[in-house]
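Engineer: Numbered as in the numbering used here, the sequence shown ends at 271 without a single skipped number.
Ideal Cβ positions, reconstructed from N, Cα and C, are used throughout, including at glycine.
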Amino acid sequence: MKVANVTAITLVTLLLLVLSAVADEPTQVAEWTVGTVKREAVVIPPTKKTDGPVPVVFVFHGHGGSMKKMEKLGFQKLWPEAVIVCPQGLPTVSGRDPEGKRSGWQQKIGNNDDRDLKFVDAMLKTVRDKYKVDDGHVFATGHSNGGGFTYLLGAARSKQFAALAPSASGASGLRTVKDRKPLPVLHIAGEKDEIVPFANQQKMVETIRKFNGCEADGKQWAKVGDLSGTIYPSNDGGPVVFVEHPGTHKYPDNAPTLIVRFFKEQVGKKK
1 MKVANVTAIT LVTLLLLVLS AVADEPTQVA EWTVGTVKRE AVVIPPTKKT DGPVPVVFVF
61 HGHGGSMKKM EKLGFQKLWP EAVIVCPQGL PTVSGRDPEG KRSGWQQKIG NNDDRDLKFV
121 DAMLKTVRDK YKVDDGHVFA TGHSNGGGFT YLLGAARSKQ FAALAPSASG ASGLRTVKDR
181 KPLPVLHIAG EKDEIVPFAN QQKMVETIRK FNGCEADGKQ WAKVGDLSGT IYPSNDGGPV
241 VFVEHPGTHK YPDNAPTLIV RFFKEQVGKK K
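#1: Counting beta carbon pairs with one atom in the region 46 to 57 and one in the region 219 to 232, are three or more of them shorter than 8 Å?
#2: Can you tell me whether residue 91 is buried or exposed, with buried defined as 16 or more other CB within 10 angstroms of its CB?
#3: My assumption, with CB atoms under 8 Å, is that residue 221 sits in contact with residue 123. Please give the rounded CB distance.
#4: Note down the Cα distance separating residue 24 from residue 45, rounded to an integer number of angstroms.
#5: Assuming residue 229 is part of the beta strand (DSSP E), what are its boundary residues?
#6: Below 7 Å CB to CB, which residues in the same chain sit around residue 125 once its five sequence neighbours on both sides are set aside?
#7: Measure how close the beta-carbons of residue 238 and residue 211 come, nearest whole angstrom, since I'm counting them as under 8 Å.
#8: Sort 87, 121 and 169 by Cα distance to residue 28 and report the nearest one.
#9: Is residue 103 buried or exposed, if buried means 16 or more other CB atoms sit within 10 Å of its CB?
#10: Quick check: the Cα distance between residue 204 and residue 186, rounded to an integer number of angstroms?
#11: Would you call the region 153 to 163 and the region 67 to 75 in contact, with 3 or more CB pairs under 8 Å?
#12: Let me make sure I understand the geometry here. Which of 197, 141, 196 and 202 has the alpha-carbon closest to that of residue 259?
#13: Exposed or buried, what is residue 172 when buried is set at 16 or more other beta-carbons lying within 10 Å of its beta-carbon?
#14: DSSP on residue 167, reduced to helix/strand/coil?
#15: Which first and last residues belong to the beta strand (DSSP E) in which residue 160 is found?
What follows is the structure in structure tokens.
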């Protein structure tokens, strides 16, 4: 795999930004140069100290979304000990955007020279250089197109991530990854999703459950507002939680609460 080129000047600038972040000024827009392309992400450092490894959560926007919108979801308030990274995608072709005018993420291995996987590699290296991080404390979540990339990321970089939490997405890219390893997954789906049909998401999650070696019968895991989660335990590949709600493709307001709960349950369990 070709390693992303991160210029020395950009890296030094980024580290200075992160180092200068304090509780009353927690948000910084960091920059990387990956290959020849400038990339950005909102990086929110921890506002509460922890004695152990620092959790890291990557939050990927949907097609046409932005890092600023994902920042507003409030993950940092729910998990103040964690580093929250909200990356910005690049103009990306999709079925609903054939000219590729809106920002998004690659969905398969080899798309756009794997620019987004390389971007994550660069971001994760920077976070590791600054904080005490191990693979059992790194997580990824994303909505819609960002959820599809989350699945791809977890498959292509399974050694670096502890759990995934996509919402309103497919996982077409999984078939393009060789020798992928199972990871704990929480998937959120709306019964009236007009873009990614609910039935399709159900079938996809069933496939992931089988891949993870989950039990056939699930049990109630958590309920927040109109979000209801069923967990399928696994002794091998990690549990799968299917969270359903009566809504559409729109990101549910209470989703971050359940995502953070799920991630916290997986902390340190990576084999």
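Structural biologist: In this structure, then:
#1: They do not touch, by the three-pair rule.
#2: For this step, residue 91 is matched to residue 91 along the sequence shown. Looking at its Cβ environment, which holds fewer than 16 other Cβ atoms inside 10 Å, residue 91 is exposed.
#3: Your numbering for residue 221 matches position 221 in the sequence shown. Your numbering for residue 123 matches position 123 in the sequence shown. So it is not a contact: roughly 30 Å between Cβ atoms.
#4: For the purposes of this step, residue 24 is taken as the residue at position 24 of the sequence shown. For the purposes of this step, residue 45 is taken as the residue at position 45 of the sequence shown. Per-residue confidence for residue 24 stands at a pLDDT of 45, beneath the threshold of 50, marking its modelled position as unreliable; the derived number appears in the next sentence. Their backbone Cα atoms lie some 11 Å apart in a straight line.
#5: Working through the sequence shown from its first residue, we reach residue 229 at position 229. It spans 227 to 232 - the beta strand (DSSP E) in which residue 229 sits, taken as one unbroken run.
#6: Residue numbering aside, residue 125 sits at position 125 when the sequence shown is read from its first letter. Excluding residues up to 5 positions away in sequence, nothing lies with its Cβ nearer than 7 Å to the Cβ of residue 125 in the same chain.
#7: By one-based count along the sequence shown, residue 238 stands at place 238. By one-based count along the sequence shown, residue 211 stands at place 211. Contact between residue 238 and residue 211 is absent: CB atoms are separated by about 10 Å, not below the 8 Å threshold.
#8: Within the sequence shown, residue 28 is the residue found at index 28, counting from 1. That would be 87, whose Cα lies nearest to the Cα of residue 28.
#9: By one-based count along the sequence shown, residue 103 stands at place 103. That one is buried.
#10: Position 204 of the sequence shown, counted from the start, is the residue given in the question as residue 204. Position 186 of the sequence shown, counted from the start, is the residue given in the question as residue 186. Distance between the alpha carbons of residue 204 and residue 186 is about 12 Å.
#11: No: the two stretches stay apart, fewer than three of their Cβ pairs being nearer than 8 Å.
#12: The residue labelled residue 259 in the question sits at position 259 within the sequence shown. With distances taken between Cα atoms, residue 259 lies closest to 141.
#13: Start at 1 with the first residue of the sequence shown, and residue 172 comes out as number 172. Counting the other CB atoms within 10 Å of its CB gives residue 172 a total below 16, which places it among the exposed residues.
#14: Here residue 167 corresponds to residue number 167 of the sequence shown, with the count starting at 1. Of the three classes helix, strand and coil, the one that applies to residue 167 here is strand, per DSSP.
#15: Here residue 160 refers to the residue found at position 160 of the sequence shown. First-last for residue 160: undefined, no H or E at that position.
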